[in-house]
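Okay, structure first, notes after.
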Amino acid sequence: LQQELIRTVDLGPFKHVVDDGLELRKAAFECVDTLLDSCLDQLNPSSFIVPFLLSGLGDHYDVKMPCHLILSKLADKCPSAVLAVLDSLVEPLEKTIVHRPKGDAVKQEIDRNEDMIRSALRAIAALSRISGSDYSMKFKNLMNKITATPSLAEKYNSVRSE
């Protein structure tokens, strides 16, 4: 995230934040997704993908969505690379699933937030299938939090059965 690409625009009495780097970051993660599908055998996910994935999981909605998909694919194709950084993945995933839109949010924002939560839960479900993920206390605590929260547990069970 480059701060010099973020600017504030005055729209009358309102201020609007414009992120000129958003489309670039989104396209970069979509390229990484394509690389995963086409030439994973020529990549080292531990050094190439995982460090950038961590920043993407804490980014804007449009960047988080492809990151969740990449994380799910990595969990299936390169479980050892993901397992090595599992503890560091928990915090951004937890922030995503507990995020609530503002009280005056419009229906579109609420729907986008629900989509993002479901996407994060799909990634968490993929992580939970990795043999050895239960050795991470942070991940175990996240799973306990999900199962202890009725709304999250219902969504989690729904995405697992998809």
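In terms of the working numbering, the numbers along the sequence shown are unbroken and rise by one, the last being 150.
Here a beta-carbon is modelled for each residue, glycine too, at the ideal position from N, C-alpha and C.
Secondary structure at aspartate 122, three-state DSSP: helix, strand or coil?
helix
Would you mind giving the Cβ-Cβ distance between serine 34 and alanine 63, rounded to the nearest angstrom? I have them listed as a contact below 8 Å.
Not really, about 14 Å apart at Cβ, beyond 8 Å.
Exposed or buried, which one is leucine 45 when buried takes at least 16 other CB atoms within 10 Å?
buried
Which partner residues of histidine 4 appear in the DSSP bridge assignment?
Val(-3)
Can you list, in chain order, the residues of its chain whose CB lies under 6 Å from that of aspartate 7, leaving out five sequence neighbours each side?
Ile(-6)
Between which two residues does the alpha helix (DSSP H) carrying isoleucine 37 extend?
Counting along the chain, isoleucine 37 falls outside any alpha helix (DSSP H), and DSSP gives it neither H nor E.
Does the beta carbon of serine 60 fall short of 8 Å from some heavy atom of the ligand FAD?
Absent from the structure shown: the ligand FAD. Ligands present: none.
Do asparagine 129 and valine 78 have their C-beta atoms closer together than 9 Å?
yes
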